[in-house]
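Shown next, in structure tokens, is the structure this report addresses.
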Amino acid sequence: MERILTIIAFIVLCGFLGVLVFKLPRLDLGAIVAITVAMAFYDLFIHKRPAP
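Under my numbering, read the sequence shown as residues 5 to 56, first letter to last.
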């Protein structure tokens, strides 16, 4: 259940930031959004892997 909520939260974050980028298409803003999504992806899916 936690994994499903994590995926939903990540999709919502990407959707919110996607609207921001499409409504205000600027290169610097796009770079910041890309860095933010990459950091969230790392934190949610790579850094927090369950221990074996």
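Beta carbons: idealized from backbone N, C-alpha and C, even for Gly.
By Cβ distance below 7 angstroms, which residues in the same chain neighbour Leu-17 in space, the five residues on each side in sequence not counted?
-> Here the set comprises Ala-44.
Using beta-carbon positions only, say whether Val-25 and Gly-34 come within less than 8 angstroms of one another.
-> Contact check for Val-25 against Gly-34 passes: the beta carbons are separated by less than 8 angstroms.
If you draw a straight line from the alpha carbon of Leu-9 to that of Leu-31, how long is it in whole angstroms?
-> Straight-line Cα distance between these residues: approximately 31 angstroms.
Whole-angstrom C-beta distance between Leu-48 and Val-37, which should lie under 8 angstroms = Taking 8 angstroms as the upper bound for CB-CB distance, Val-37 and Leu-48 are not in contact here, some 16 angstroms apart.
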